[in-house]
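J.:
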Amino acid sequence: MNTYTICIFTENTIGLLNRITIIFTRRRINIESLTVSETERKGVSRFTIVIKHESRDHVEKLVRQIRKIVEVMAVFGYLDEDIVSNEIALFKIATPLGATPLDIEYINKHFNAWVVNWQLDYVVIEKTGSEKQIFEFFNYIKPHGIIEFVRSGRIAVGKTEKGLVEYLPDVEWEYYL
Amino acid sequence: MQTTVSEVTEQQVQVESSRVATPEVDAPAKKLIKPLTGAEALMQSLVEEGVETIFGYPGGAIMPVYDALYDYQDRLNHILVRHEQGAAHAAEGYARISGRPGVCLVTSGPGATNLITGIADAMSDSTPIVCLVGQVFASLLGTDAFQETDVIGVTMPITKWNYQITSADEIPEIISKAFYIAQTGRPGPVVIDIAKNAQQELMTKAFSYKKCEKVVSYRPRLIPKQDQLEKAAELINNAKRPYILVGHGVLISKAEKELLAFIEKTGIPVASTLLGQSAVPCDHPLYTGWLGMHGNYGSNVMTDECDVLIGLGMRFDDRVTGNASKFAPQAKVIHIEIDPAEIDKIIKAEAPVVGDAKEALIRLLPLVKENDHTAWRNEFRKYDAIEYEKVKAPALAPTTEKLKMPEVIDMLSKKTNGEAVMVADVGQHQMMTSAYYQYRRPHSLITSGGLGTMGFALPAAFGAKVGDPSREVIAIIGDGCFQMTLQELGTIAQNKLPVKAIILNNNYLGMVRQWQQLFHNRRYSFVELQNPDFIMIAKGFGVDGHTCSKREDLSASLDTLLASDKPYLLEVIVEQEENVFPMVPAGTSVSAIRLE
Ligand SMILES: Cc1ncc(C[n+]2csc(CCOP(=O)(O)OP(=O)(O)O)c2C)c(N)n1
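First to last, the protein sequences are chains A and B. At position 48 of the first sequence (counting the first as 1) the number is 140 in the numbering used here, and the numbers step up by one without a gap. At position 517 of the second sequence (counting the first as 1) the number is 1029 in the numbering used here, and the numbers step up by one without a gap.
(1) Kindly indicate which residue of B:VAL920, B:TYR948, B:ARG1063, B:HIS955 has the alpha-carbon position closest to the one of ALA1013 (chain B).
(2) At which residues does the alpha helix (DSSP H) containing VAL933 (chain B) begin and terminate?
(3) Alpha carbon to alpha carbon, how far is LYS904 (chain B) from ALA767 (chain B)?
(4) Could you spell out the range, first to last residue, of the beta strand (DSSP E) harbouring LEU924 (chain B)?
(5) Would you mind telling me which residues of chain B sit closer than 7 angstroms to VAL164 (chain A), beta carbon to beta carbon, in chain order?
(6) Any residues in the segment 111 to 142 of chain A with a beta carbon nearer than 8 angstroms to a beta carbon of chain B? Which ones, in chain order?
(7) Excluding the five sequence neighbours on either side, which residues of its own chain have a C-beta within less than 6 angstroms of the C-beta of ALA650 (chain B), listed in chain order?
(8) Secondary structure at ALA580 (chain B), three-state DSSP: helix, strand or coil?
(9) Beta carbon of PRO570 (chain B), beta carbon of TYR582 (chain B): below 7 angstroms?
(10) Is there a Cβ from chain B that is less than 7 angstroms from the Cβ of VAL263 (chain A)?
(11) Would you kindly check if the distance between the Cβ of ALA869 (chain B) and the Cβ of ASP761 (chain B) is under 7 angstroms?
(12) Around the Cβ of GLU1083 (chain B), are there at least 16 other Cβ atoms within 10 angstroms (buried) or fewer (exposed)?
(13) Quick check for students: name the residue ranges of the alpha helix (DSSP H) that lie wholly in the segment 993 to 1030 of chain B, counting only runs of 4 or more.
(14) Compute the Euclidean distance between the alpha carbons of ILE247 (chain A) and ASP172 (chain A), then round it to the nearest angstrom.
(15) Between which two residues does the beta strand (DSSP E) carrying TYR214 (chain A) extend?
(16) For a test of your reading of the model: does the CB of ASP1056 (chain B) fall under 6 angstroms from any non-hydrogen atom of ligand 1? Yes or no.
(17) Below 8 angstroms, how does it come out for the segment 623 to 642 of chain B and the segment 958 to 965 of chain B: are there three or more Cβ pairs, yes or no?
(18) Only counting the same chain, and skipping five residues up and downstream in sequence, which positions put a Cβ closer than 8 angstroms to that of PRO910 (chain B)?
(19) Mind checking if ALA1050 (chain B) is an interface residue toward chain A, Cβ cutoff 7 angstroms exclusive?
(20) Going by other Cβ atoms of all chains shown within 10 Å of its Cβ, with 16 needed for buried, is GLY135 (chain A) buried or exposed?
(21) Along the chain, which unbroken stretches of the beta strand (DSSP E) at least 3 residues long are found entirely within the segment 746 to 791 of chain B?
(22) Check distances from the C-beta atoms of the segment 688 to 707 of chain B to those of chain A and list, in chain order, the residues that come in under 8 angstroms.
(23) Nearest-angstrom Cα distance between ILE238 (chain A) and TRP206 (chain A)?
(24) Please decide whether ALA634 (chain B) counts as near chain A, where near means a Cβ-Cβ distance under 7 angstroms.
(25) Please classify ALA840 (chain B): does DSSP put it in a helix, a strand, or coil?
(26) Return the Cβ separation of GLU1113 (chain B) and ILE641 (chain B) in integer angstroms, given the expectation that the two are a contact with Cβ distance under 8 angstroms.
(27) I want to see whether chain A comes within less than 7 angstroms of MET715 (chain B), judged by CB atoms only; does it?
(28) Are at least three pairs of beta-carbons, each pair with one atom in the segment 1018 to 1038 of chain B and one in the segment 969 to 978 of chain B, less than 8 angstroms apart?
(29) Using a C-beta to C-beta distance shorter than 7 angstroms, which residues of chain B count as neighbours of ARG156 (chain A)?
(30) Kindly list the residues whose CB is nearer than 6 angstroms to the CB of ILE664 (chain B), restricted to its own chain and excluding five residues on each side of it in sequence; keep chain order.
(31) Would ILE683 (chain B) and ALA573 (chain B) qualify as a contact pair, given that the criterion is a beta-carbon distance under 7 angstroms?
(32) Quick one: measure Cβ to Cβ for MET1113 (chain B) and HIS806 (chain B), integer angstroms, because I've assumed they're closer than 8 angstroms.
(33) Suppose the cutoff is 6 angstroms on Cβ atoms and the five residues either side in sequence are ignored; what does the same chain contact list for ILE670 (chain B) look like?
(34) Counting only runs of 3+ residues fully inside the segment 818 to 862 of chain B, write out the beta strand (DSSP E) ranges in chain order.
(35) Identify, in the order they occur along the chain, each residue of the same chain with its Cβ nearer than 8 angstroms to the Cβ of LEU260 (chain A), setting aside the five sequence neighbours on each side.
(36) Using the rule of at least 16 other Cβ atoms within 10 Å of the residue's Cβ for burial, across every protein chain shown, is GLN740 (chain B) buried or exposed?
Shown next as structure tokens:
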């Protein structure tokens, strides 16, 4: 199994998420994670979808099927070595009276994780990094009692020198940048 | 070294974006003064698109549009079908013969869901239809309101594009986009769901209509890349045993003339898929017949033996390839196809050519060398002779008392000089219509290929007649199929459409029975039909007809049918347990082809 990260640039319209996921469903491919947001160009959304698949050939066919959707402008499929990617996780950790105190300095220095919210009985720690790094931290912090844990989908940029939006159709785009 | 997926797609996208860089000058938009309601704007938009005929069925959620239609009767011909499925198939028949999108107009909920089979059918066969569907008020969307169905959700996987309109102002732009998307690139069905408030309310701006010429994110490639063409030409020029398979794409792009020029220069023999039938005249010396599960023996064997296979405007459907891993085992494949998603999908292409069939042929012609491939072509004669002796001769000169389907189609072919439009339903009679009619003109076989939709033929036939009234349209229908949409006889009668229909009645769901006979030990599980008196039914609808059950009456029966200037139904009683051969059993390779 290889992990593939599929970046899809689309018009920002209703129903597109559905239209895209149908293609995965029809081919019985599970979506590991999915993030969507508007890009630096107004009206252009970027989907980042992570899947695992045995066959590169099938992934290429999938990419072509996605490209067929009328509102889709460009699709790129990546192997992990082609991209820089990240995720973010939030950990809500119990801090009751008398419990082992959190070693905040170690958490900062060793894990690059930060407390983003203090409350009486708990703290919220934010950790960004790869799935592996997040789970390393998970295992470290687990003995303290994780009340809640949430992880975002992957976001990624390609390792090419060009921005992917350079590949989008030539029209007068309005930029946020 | 293996390239990464990203490189492949990046290259592809890069070239595409450079191609859309030419800015087009916008023509000044036409203006009307008085504000229109959404429904009026819809009517006006259809007129601007050059729509002449609408196939439809009214209901609550589309009433404002029907009300507006009342004032447009002089410009828009509306045909009231008897079931929305009929509207969809009629629109398909219209589109298939005319090359222009067929238009359906139906109400929300059940009206829309009744269209589903036809929409899926149009998707499978790349047929441009535009379905305009009523929807509940936008304020009620998502509340399970009366006759509310999530038409966008339901049709998403079976449409090329769909869109929900919730305000009158959107109508002109979306309608022009709908027509553009339906008929460009690889054509397909488009559904536009129009909330009732959008039909009723006044537009806030003056109506103006501009035909859509491009959609930013949608850029079908028509002109193939030169390097792809050159690679294909090189393979063709070096081939010893080249073979061409033509599909529906050739007819869609109207490339028949270019195809003839191409095969006549290169001397390459050619077969067609079911939907590619009639792209090449059947009597052309380079035409070897059709191919696939029930295709000609020689054509199937030649794909097995060829060294270069040119798939032109076709998609290597499994009914064509059989077991894809054993398909054309010796061949390097050139795949000329407008839809890049089809490339390498089923059969790996050594030389893909992405583009329109006609454009590709025009550019390939100067690159290919003259040739005649005599020895290779003569090989085909050998196989053809075997098929003739084992299958065709006995089928055309039967010794049994009951009529056989092939003799009916054959006689019809001769009487009409191969010039009629045959609209075949689905089953044994469909395969016989493909195999025994000698097509002479393009766009002469209209049938449901990809979806195999029973009930297709009768409505598609009157759609085709509306699409081209100058041609003789003859529907060939099984007794099973007929009972799926026979109510459309009413539409045909009311609109005085001189469609001819022939029921080949074998009292069975024949094609299923054939499979049961061959693969399920003759266990005829629920395939026998107790049929009504079809002629009496036709007469009830006001359509004349008669039954023919004897060989000596066949000729006169067909003459009566053909001589009629009104709709006419001929029922021919045929052999009950006849089988269609050749046959490549599903999932096997073409070398397993059976002749008996
Ligand atoms: C809507 C639909 N239901 C079922 C089928 C499966 N099917 C394919 S051919 C066939 C039999 C058709 O029988 P008939 O119309 O009598 O034609 P024949 O094969 O006898 O010529 C059936 C049931 C289908 N293709 N479409």
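Heads up, the beta-carbon is just placed ideally off N, CA and C, and yes, glycines get one too. Since the structure is predicted, the reported quantities are computational estimates derived from the model, not experimental observations.
T.: For this structure:
(1) B:VAL920
(2) From DSSP, VAL933 (chain B) is part of no alpha helix (DSSP H) but of the beta strand (DSSP E) over 933 to 936.
(3) 30 angstroms
(4) It is not in any beta strand (DSSP E) - LEU924 (chain B) instead sits in the alpha helix (DSSP H) that spans 917 to 927.
(5) SER729
(6) ARG111, ILE114, ARG118
(7) THR678, ALA707, ASN709
(8) helix
(9) no
(10) yes
(11) Per the sequence shown, the amino acid found at residue 761 (chain B) is Gly instead of Asp. Cβ atoms of GLY761 (chain B) and ALA869 (chain B): closer than 7 angstroms.
(12) buried
(13) 1000 to 1006
(14) 12 angstroms
(15) 214 to 221
(16) no
(17) yes
(18) LYS916, GLU919, GLU1087
(19) no
(20) exposed
(21) 754 to 758, 782 to 784
(22) ILE693
(23) 15 angstroms
(24) no
(25) coil
(26) This structure does not reach residue 1113 (chain B), given that chain B is present from 513 up to 1108, and the question cannot be answered.
(27) no
(28) no
(29) PRO852, ALA853
(30) ASN674, GLN676, ASP705
(31) no
(32) For residue 1113 (chain B) there is no data in the structure shown, the boundaries of chain B being 513 and 1108.
(33) ILE631, ALA632, MET635
(34) 820 to 824, 844 to 849
(35) PHE101, ARG133, VAL136, MET165, ALA166
(36) buried
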